[in-house]
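Residue numbers (my numbering): 2 to 273. Idealized CB from N, CA, C, for every residue including glycine. Have a look at the structure below before the remarks.
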Amino acid sequence: MTKIVMTVLLALSIIACKDSSDTKKQVEEGAITQEDSKSDIQKTEVEWQYLFDGTTLEGWRGYNEDKMPPGWVINNGELTYDTELGLEQDYTGGRDIIYGAEEFDNFELYLEWKLPKGGNSGIFYHIKEGYPAPYDSAPEYQLIDDDNYAQIHDLTGYNKSVGHTENLSELKPLNKTAADYAMHGPDLNKKKLNPVGEWNSSKIVFTPEKVEHWLNGQKVLSFVPWDDEWDKKKNSGKWKESPNYGKYKSGFIGLQDHASPIWFRNIKIRKL
Numbered sequence: 002m003t004k005i006v007m008t009v010l011l012a013l014s015i016i017a018c019k020d021s022s023d024t025k026k027q028v029e030e031g032a033i034t035q036e037d038s039k040s041d042i043q044k045t046e047v048e049w050q051y052l053f054d055g056t057t058l059e060g061w062r063g064y065n066e067d068k069m070p071p072g073w074v075i076n077n078g079e080l081t082y083d084t085e086l087g088l089e090q091d092y093t094g095g096r097d098i099i100y101g102a103e104e105f106d107n108f109e110l111y112l113e114w115k116l117p118k119g120g121n122s123g124i125f126y127h128i129k130e131g132y133p134a135p136y137d138s139a140p141e142y143q144l145i146d147d148d149n150y151a152q153i154h155d156l157t158g159y160n161k162s163v164g165h166t167e168n169l170s171e172l173k174p175l176n177k178t179a180a181d182y183a184m185h186g187p188d189l190n191k192k193k194l195n196p197v198g199e200w201n202s203s204k205i206v207f208t209p210e211k212v213e214h215w216l217n218g219q220k221v222l223s224f225v226p227w228d229d230e231w232d233k234k235k236n237s238g239k240w241k242e243s244p245n246y247g248k249y250k251s252g253f254i255g256l257q258d259h260a261s262p263i264w265f266r267n268i269k270i271r272k273l
């Protein structure tokens, strides 16, 4: 009887040791899995580079300048152009800014922004300096008050200057928010623009195969840069007398001063 008891106790001891070993192995594997997951999350976070995080203007300066122009300031953690609203018919150019610390080629750019009633601005990429303005070389993601701009500003002269002959008082699709300015218009059926004074989010994804414009989480425009259709649009519209427009495959990121208050926050980019 004693021998039987001893045998049972020995068997239970072996099983317990095996369970303990298995548990330890599972815990260790679980710890590795958690660390791997944490590493993946950190890697994803590292991929994003903040161009503006609400605390500093390091890296930013005026286009063709060595410092920030007057009016561009940080206010309440937002990059703001502090000015009174100017009229389109009086606009002769502005003091645009660039993130001049680094050039980017293929990227995903995300930012949040808001405009006042009648406001206008834009996001440039692949900027090269040495030209009169960023738009001489750089494509632009348009930011504008779609609903009120034509009621506040006289667009007749502008529309005539780019070749329009009808409905000269209206804001054209190629000039509306999320357009590839004067090149490709957004899908109006997918587009949802928040009212003036409320925050919107925009995203530009650029690769040589495809460019995407996103607005408030929805992709509203996609086109192929430098293909036959792109060349046709470029050579027949506003940019037909601008040989350097859109030709560069890398450059600076920039923000437009179009005589309008504008607010930006959470400006970040990741390389593709």
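Among the options, whose alpha-carbon lies nearest the alpha-carbon of residue i?
| i | options | result |
| --- | --- | --- |
| ASN254 | VAL206, GLN219, LYS211 | The residue you asked about is not Asn; residue 254 is Ile in the sequence shown. For the residues VAL206, GLN219, LYS211, the minimum Cα distance to ILE254 belongs to VAL206. |
| LEU88 | ILE153, GLU167, GLY247, GLY60 | ILE153 |
| ILE145 | TRP231, LEU86, HIS165 | LEU86 |
| THR84 | LEU273, LYS272, HIS259, ARG266 | HIS259 |
| ASP137 | PHE265, ILE263, LYS241, TRP264 | LYS241 |
| LYS250 | PHE108, GLU66, ASN195, PHE224 | PHE108 |
| LYS115 | SER202, PRO187, LEU58 | SER202 |
| GLY252 | GLY101, ASN77, ILE75 | GLY101 |
| GLY123 | ARG271, THR208, TRP264 | TRP264 |
| GLY72 | THR157, TYR82, GLU66 | TYR82 |
| ASP91 | THR157, LEU194, GLY238, GLU103 | THR157 |
| ASN267 | LYS239, LEU110, GLU104, LYS177 | LEU110 |
| ALA230 | ASP155, GLU104, ASP147, LYS211 | The amino acid occupying residue 230 in the given sequence is Glu; Ala does not appear at that position. Measuring from the Cα of GLU230, the nearest candidate turns out to be LYS211. |
| LYS118 | LYS272, ASP97, ASN149, SER243 | ASN149 |
| ALA134 | LEU222, GLY95, GLY164, ASP155 | GLY95 |
| LEU52 | MET69, LYS68, ILE99 | ILE99 |
| THR208 | GLY238, PHE105, GLU167 | PHE105 |
| ASP232 | LEU169, MET69, TYR246 | TYR246 |
| HIS165 | GLN50, ILE75, PRO196, GLY238 | GLY238 |
| PRO196 | PRO70, MET184, GLY120 | GLY120 |
| SER243 | TYR132, GLN257, LEU80 | TYR132 |
| ALA139 | ASP67, GLU167, ASP54, LYS248 | LYS248 |
| ILE276 | ASP147, PRO174, PRO262 | There is simply no residue 276 to check, as the chain begins at 2 and stops at 273 in what is shown. |
| LEU222 | ALA179, ASN65, ALA183, TRP200 | ALA179 |
| TRP227 | GLN219, ASN236, ASN160 | ASN236 |
| HIS214 | LYS177, GLU199, LYS234, TRP200 | LYS177 |
Alpha helix (DSSP H) containing residue i: first to last residue?
| i | result |
| --- | --- |
| ASN236 | 229–237 |
| LYS192 | Segment: none, LYS192 is in no alpha helix (DSSP H) and carries neither H nor E. |
| TYR64 | Here TYR64 belongs to no alpha helix (DSSP H), and DSSP marks it neither H nor E. |
In terms of residue numbering, what span does the beta strand (DSSP E) encompassing residue i cover?
| i | result |
| --- | --- |
| ASN201 | 201–207 |
| GLN50 | 50–53 |
| VAL212 | 212–216 |
| GLU113 | 108–115 |
| VAL74 | 73–76 |
Looking at the structure shown, is residue i part of a helix, part of a strand, or coil, going by DSSP?
| i | result |
| --- | --- |
| GLY101 | strand |
| LYS272 | strand |
| GLN143 | strand |
| THR81 | strand |
| GLY94 | coil |
| SER223 | strand |
| LYS161 | helix |
| GLY255 | strand |
| TYR150 | helix |
| GLU89 | helix |
| TYR132 | coil |
| LEU175 | helix |
| SER40 | With a pLDDT of only 46 at SER40, under 50, the local geometry of the prediction cannot be trusted, and no value is derived from it. |
What does DSSP give as the partner residues of residue i in its beta bridges?
| i | result |
| --- | --- |
| HIS185 | ASP181 |
| SER243 | SER243 is not bridged to any residue. |
| GLY123 | GLN143 |
Distance cutoff 7 Å, beta carbons only. Does residue i sit that close to anything in chain C?
| i | result |
| --- | --- |
| ASN121 | Going by chain labels, chain C is absent from the structure shown, which holds only one protein chain. |
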